[in-house]
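For the sequence shown, the UniProt record's numbering begins at 1 and goes up steadily by one.
What follows is a set of notes on a single structure, which appears directly below.
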Amino acid sequence: MSVQSSSKTSITQRFDSYQPSKTLLAWACVVTAIATMIIGFSWGGWVTGGTSSKAAAAAGETARGELASAICVERFKAAPDASAKLIEFKAITEGYKQRQFVEAGGWATMPGQTSADSRSVQGCATALAV
């Protein structure tokens, strides 16, 4: 049993006295940094600056379209002949003709613009069709 005892002590002593080289430490740091980046971009939700800029621009366009659609619906409902126009609108069955109706009515044209945005027209027509 003294052989096992001395081998355990020997392994423990060798582990405690081990001093890695600078090269090994440098490679360990490089591998750790690469593993961190792989995990971060794959599962951590990290994105590059370009990707985040594109996502922010897309979110802004979507929000702008939703806001314009809401304004369009309110303008439509505030029109003096809104109930008659709504009946006329709902009588149209084709989606593209409904969008044309909304665009021709001018409800989707925002202040300072000469024509309506396609997202606002689509959103307004969808909201009115419900």
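Quick reminder that beta carbons are idealized off the backbone N, C-alpha and C, glycines included.
A Cβ-Cβ contact shorter than 9 Å links Arg75 with Trp107.
At a Cβ-Cβ threshold of 9 Å, Arg99 and Gly65 do not count as neighbours. Taking the Cα positions, Glu103 is about 16 Å away from Gly112.
Less than 9 Å separates the beta-carbon of Gly105 from that of Lys85. Boundaries cannot be given for Tyr18, as no alpha helix (DSSP H) includes it and DSSP labels it neither H nor E. Per the coordinates, the alpha-carbon of Lys22 lies some 33 Å from the alpha-carbon of Gly45.
A distance below 6 Å between beta-carbons, with the five flanking residues on each side excluded, links Gly40 to the following residues of its chain, in chain order: Trp46. Rounded to whole angstroms, the gap between the alpha carbons of Ser115 and Thr109 is 6 Å. In the assembly as shown, Ser69 is a buried residue. Its beta-carbon has 16 or more other beta-carbons within 10 Å. Of the candidates Val130, Ala125, Ala129, Asp117, the residue whose Cα lies closest to the Cα of Thr62 is Asp117.
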